[in-house]
Amino acid sequence: MSARPDARPRPADRLHPNPRPRPTRDAAVPDEVLHARRALIALYFVTGIAVATWLSRLPSIKHMLDLSAAELGSVLVVGSVGSLAMVLAAGALTNRWGSRNGLVIGAVMFSFANVLVGLGPTIGSTLVLAVGILISSSSYAVANVPLNLESVVIERGMGRSVVPQFHAAFSIGSVTGSLLGAAASWAGVPVFAHFLALSLGTLVFRVVVVPRAVLPVPAELAAAAAGSGPGGGMRTALGAWRERRTLVIGVIVMTGILSEGSANNWLTVAVVEGFEQTEAMAAIVFGVFTGAMTLARLVGTRVIDRYGRVAVLVASSASSLVGLLLFSLGPSLTTAVVGAVGWGLGAGLVFPIGVAAVSGDRLRMAGRVSVLSTFGSTASIVAPPLLGAAAETMGVRHALVLIVGGFVVAILLARTVGADATEPAEPDAQEPHAMPTSATELAAVAMVASIDLESDALGVGAAPVAPELVR
Numbered sequence: 001m002s003a004r005p006d007a008r009p010r011p012a013d014r015l016h017p018n019p020r021p022r023p024t025r026d027a028a029v030p031d032e033v034l035h036a037r038r039a040l041i042a043l044y045f046v047t048g049i050a051v052a053t054w055l056s057r058l059p060s061i062k063h064m065l066d067l068s069a070a071e072l073g074s075v076l077v078v079g080s081v082g083s084l085a086m087v088l089a090a091g092a093l094t095n096r097w098g099s100r101n102g103l104v105i106g107a108v109m110f111s112f113a114n115v116l117v118g119l120g121p122t123i124g125s126t127l128v129l130a131v132g133i134l135i136s137s138s139s140y141a142v143a144n145v146p147l148n149l150e151s152v153v154i155e156r157g158m159g160r161s162v163v164p165q166f167h168a169a170f171s172i173g174s175v176t177g178s179l180l181g182a183a184a185s186w187a188g189v190p191v192f193a194h195f196l197a198l199s200l201g202t203l204v205f206r207v208v209v210v211p212r213a214v215l216p217v218p219a220e221l222a223a224a225a226a227g228s229g230p231g232g233g234m235r236t237a238l239g240a241w242r243e244r245r246t247l248v249i250g251v252i253v254m255t256g257i258l259s260e261g262s263a264n265n266w267l268t269v270a271v272v273e274g275f276e277q278t279e280a281m282a283a284i285v286f287g288v289f290t291g292a293m294t295l296a297r298l299v300g301t302r303v304i305d306r307y308g309r310v311a312v313l314v315a316s317s318a319s320s321l322v323g324l325l326l327f328s329l330g331p332s333l334t335t336a337v338v339g340a341v342g343w344g345l346g347a348g349l350v351f352p353i354g355v356a357a358v359s360g361d362r363l364r365m366a367g368r369v370s371v372l373s374t375f376g377s378t379a380s381i382v383a384p385p386l387l388g389a390a391a392e393t394m395g396v397r398h399a400l401v402l403i404v405g406g407f408v409v410a411i412l413l414a415r416t417v418g419a420d421a422t423e424p425a426e427p428d429a430q431e432p433h434a435m436p437t438s439a440t441e442l443a444a445v446a447m448v449a450s451i452d453l454e455s456d457a458l459g460v461g462a463a464p465v466a467p468e469l470v471r
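For the sequence shown, my numbering begins at 1 and goes up steadily by one.
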């Protein structure tokens, strides 16, 4: 007599004799889109690491070249000018080369530039450093336009909002990069060796991952690239400069870019010189700022949906104002760290709120976002030398208090980002997940998205990262 196998069905099996995998909201999304999304998140993450690593070693570079705050500001302006010149052509270059080639070319440019950035201080050459920064900033313009284009394409393919996840990945990468920079500084790793390893590692990673992150170009978009879409008319684009609301929002966006960019360029230097701390500690404080900004971007969508753009903009600007005052005028490092948290929480949402406020009308969107990109680029060129000059007389930490005025302006103008009565309440109601209708529209979105990423890279809105603007 054979033993009877224990075939007693479990309760769930009795209810569901043939259990099936539990469906998810992405079950209908093609696998190639899901794979591209993961690959693009990885690219954003690595870009964040690269940017924060260079910024975390800025105090060492300043010390090695014996640069004053004003001289450092002038060197950083070189990068801002380079990115501004390149970003104006980046959309056309992307149409000509395609996203894949643009990303690879940008990766090669960045790696070469980073070697120069590390070599300049090592051999005592400010010129080599400036050339490296110029090429590096140009590489962000070349690479981040296709990077943001692909994020738009993937979001449309997913059928739901996912672009903020890419920007959050960049911020998480920035935190990781700042910690790696702190570790390298603490361990006494030479700047050149550090940047050489970073250049080689990021180049290999990007070349391998880029093909997986770029989806095939739909035929309609390829055809549209050769012509003009509904947002591409010159008259429509120039008309945005006559819209008072768009110009006011441009000022608001400029304050957000100035806030985040000033932290990127000057926070680590302020900690080292203002509190006589090590570069490693400064990198940790920068990581705290970036972490707070990341948190704001991760939860910002729900907060905006619940309380509205105006209320969130006021709260964000107030948070940055109080945080920056604590950082700049506080008596201790502990106070400065608390201030960095408030500053970061406030800096994370100003830019996406502003761009969302002008992106409701597809016909006018291209012209309006080009206005915002101009305001952002202006901040990138003007701010570094002004802050550097002020730092000569009052110190870097105290000089940062000057940008508090921008937060006050944003609070006073916040009502402008509310719904525009001249536009439909839900302009995309008939096409909730439609692809952008023209290459011009898509390029405009990517160009302004690139301004925020470049503000992360260069400090003050110069080089390409706000994917949230597509929302």
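Beta carbons: idealized from backbone N, C-alpha and C, even for Gly.
- Distances from the alpha-carbon of Leu119 to those of His194, Gly173, Asn144, Gly181 put His194 closest.
- Closest in C-alpha terms to Pro59, from the list Val46, Gly261, Glu273, Leu180, comes Glu273.
- DSSP, read as helix, strand or coil, puts Ala28 in coil.
- Between the alpha carbons of Phe166 and Ser332 lies a gap of roughly 35 angstroms.
- With 16 or more neighbouring CB atoms inside 10 Å of its own CB, Tyr140 falls in the buried class.
- Taken atom to atom, the span from the alpha-carbon of Val310 to that of Gly239 is near 25 angstroms.
- For Pro331, there is no enclosing alpha helix (DSSP H), as DSSP marks it with neither H nor E.
- In the three-state scheme derived from DSSP, where H, G and I count as helix and E and B as strand, Gly339 is classed as helix.
- In this structure, Ala184 lies away from Phe45, with their beta-carbon atoms at least 8 angstroms apart.
- Looking at Ala130, Leu386, Ala263, Phe110, the one whose alpha-carbon comes closest to that of Val337 is Ala263.
- Contact annotation, Leu313 with Val404: C-beta distance approximately 16 angstroms; criterion of less than 8 angstroms not satisfied.
- With contacts defined as CB atoms closer than 8 angstroms, Ala70 and Gly388 qualify as a contacting pair.
- For Leu116, the secondary structure class from DSSP, reduced to helix, strand or coil, is helix.
- Leu329 and Gly157 have their alpha carbons spaced roughly 48 angstroms apart.
- With fewer than three CB-CB distances shorter than 8 angstroms, the segment 62 to 76 does not count as touching the segment 193 to 212.
- For the 8 angstroms CB-CB criterion, Met254 and Thr122 do not form a contact.
- With contacts defined as CB atoms closer than 8 angstroms, Leu43 and Leu147 qualify as a contacting pair.
- In this structure, DSSP gives Pro211 a helical state, which the three-state scheme calls helix.
- In this structure Gly173 touches Ile49 by the C-beta definition: roughly 4 angstroms separates them, less than 8 angstroms.
- Residue burial annotation: Glu276 is exposed, with fewer than 16 other C-beta atoms found within 10 angstroms of its C-beta.
- Non-local C-beta neighbours of Gly406 in its own chain, meaning closer than 6 angstroms and more than five positions away in sequence, comprise Thr255, Leu258, ordered along the chain.
- Within the same chain, Val288, Ala292, Gly323 come within 7 angstroms of Val341 by CB-CB distance, once the 5 residues on both sides are set aside.
- Close CB contacts of Ser171 within its chain, under the 7 angstroms cut and outside five residues either way in sequence, are with Gly48, Thr290, Met293, Thr294, Arg297 (chain order).
- Note that the C-beta distance between Gly181 and Ala283 is below 8 angstroms.
- The alpha-carbon separation between Leu67 and Leu127 amounts to approximately 12 angstroms.
- The alpha-carbon of Val371 is positioned some 27 angstroms away from that of Val303.
- Excluding its 5 nearest sequence neighbours in each direction, Ser320 has C-beta neighbours in its own chain below 6 angstroms: Ser259, Trp343, Gly346, Ala347, Phe407, listed in chain order.
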